[in-house]
Amino acid sequence: MKYCRFLADGQPFYGRIEGNNIIARASSFEGLANGAPVSLALDKAELLAPAEPSKILCVGRNYRDHAAEMGNDVPKEPLLFLKPPSALLAPGGVIWKPAITQRLDFEGELGIVIGKRASRIGPDEDVRSYIRGYTIVNDVTMRDIQKADGQWTRGKGFDTSCPVGPLVTDEVDPLKGSITVETLLNGEVRQHGETHDFIFPIPELLRYITAVMTLEPGDLIPTGTPAGVGPMQSGDTVEVRIQGIGSLKNIVG
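Position 251 of the sequence shown, counting from 1, maps to 267 under the numbering used here, and the rest follow consecutively.
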């Protein structure tokens, strides 16, 4: 199933997608199976971020080429950091460039949306049973602030630093085959990566995280960015494309 979140009559709804249309809506994800029929073109809908996470648990340096371009060693264990839910930004939303930064970077990523509570996932469990679907994330970063602070909360957790969308789908499966991740700046490809190049694959990530932290339905896990990260300027258009999911496009304010 593919689904999104959107505004209608001033209220947020989950919408079930077939083709390029929203065909049913409900106030919760669980209600979509029996949602009220609607007919709305996806490109005409006022989309929201498609997940409502209690936490956004990001993975850093999960591609060797990205670790290298940042001058870092390949991590021996997954490198985790948090973004607050207040960082979420809808598709088409304006990315804020805080006055304190001189370098605002894009980082296109595949995002995992959790489907059921996950704690201490066992080595023999199929992690697919915990995954609701996949989406697109841009891990927007104040690179100079990240480096100056030495830890990443300000540099990666500011308002609008987590554009997500346009939808969530379970119709792609990066556990079966590689998925292409690309980022374009003003129409020019700047990042191109494959999920089969993850240092830590998705099953390992979920087991590592849930060994110490419970994941709740709707939680979002951006899985890391490939090489090619770079700066954005006010007025730029940044687009992250992921094979089988679609395109997430935002403008820098």
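For every residue, glycine included, the Cβ atom is placed at its ideal position computed from N, Cα and C.
Predicted model only: the values in this text are computed from it and were never measured.
Of the residues V254, G149, P190 and E210, which one's Cα is nearest the Cα of P242? Answer by Cα proximity: E210.
How is the alpha helix (DSSP H) around K60 delimited, first residue to last? Note, K60: premise wrong, no alpha helix (DSSP H); not H, not E.
By the three-class DSSP mapping on this structure, what secondary structure does P270 have? The structure shown has nothing for residue 270, since the chain only spans 17 to 269.
Leaving out five residues before and five after P28 in sequence, what residues of the same chain have Cβ atoms less than 7 Å from its Cβ? R21 and L64
Taking all protein chains shown into account, do 16 or more other C-beta atoms lie within 10 angstroms of the C-beta of I116, making it buried, or fewer, making it exposed? exposed
Exposed unless 16 or more other CB atoms sit within 10 angstroms - verdict on D25: exposed
Quick one: what does DSSP say G173 is sitting in, helix, strand or coil? helix
Status (buried if at least 16 other CB within 10 Å, exposed otherwise) for P114: Looking at its Cβ environment, which holds fewer than 16 other Cβ atoms inside 10 Å, P114 is exposed.
Under DSSP, the alpha helix (DSSP H) around Y224 begins and ends at which residues? It spans I218 to T226 - the alpha helix (DSSP H) in which Y224 sits, taken as one unbroken run.
Could you pull the start and end residues of the beta strand (DSSP E) that G208 belongs to? A quick correction: the sequence has His, not Gly, at residue 208. In the DSSP assignment, H208 falls within the unbroken beta strand (DSSP E) covering E204 to E210.
Flag this pair as yes or no: are the beta carbons of V256 and T199 separated by less than 8 Å? yes
Is the beta carbon of L191 closer than 8 Å to that of I218? In this structure, L191 lies closer than 8 Å to I218 by Cβ.
Tell me which residues share the same chain as N37 and place their Cβ nearer than 8 Å to its Cβ, disregarding the 5 neighbours each side in the sequence. Contacts found: S55, L56, A57 and L58.
Taking all protein chains shown into account, decide if V228 is buried (16 or more other Cβ within 10 angstroms of its Cβ) or exposed. Note on V228: under 16 other CB atoms within 10 angstroms of its CB, so exposed under the neighbour-count rule.
Quick check on the DSSP output: the alpha helix (DSSP H) that includes K163 runs from which residue to which? R159 to D165
Burial state of P139, where buried means 16 or more other Cβ atoms lie within 10 Å: exposed
Does the Cβ of E125 have 16 or more other Cβ atoms within 10 Å, making it buried, or fewer, making it exposed? buried
Taking contact to mean 3 or more Cβ pairs, one atom from each stretch, closer than 8 Å, check whether the region 173-185 and the region 151-161 are in contact. yes
Could you tell me how far apart the beta carbons of D160 and Q207 are, in whole angstroms, since I believe they sit closer than 8 Å? So it is not a contact: roughly 20 Å between Cβ atoms.
What I want to know is whether the C-beta of E62 ends up closer than 7 Å to one or more non-hydrogen atoms of the ligand PLP. The ligand PLP is not part of this structure, which contains no ligands at all.
How long is the line joining the alpha carbons of K163 and V254, rounded to whole angstroms? The alpha-carbon atoms of K163 and V254 are separated by roughly 23 Å.
Going by CA-CA distance only, name the one from K265, K172 and R223 that's closest to N202. Checking every option, the nearest Cα to that of N202 belongs to K265.
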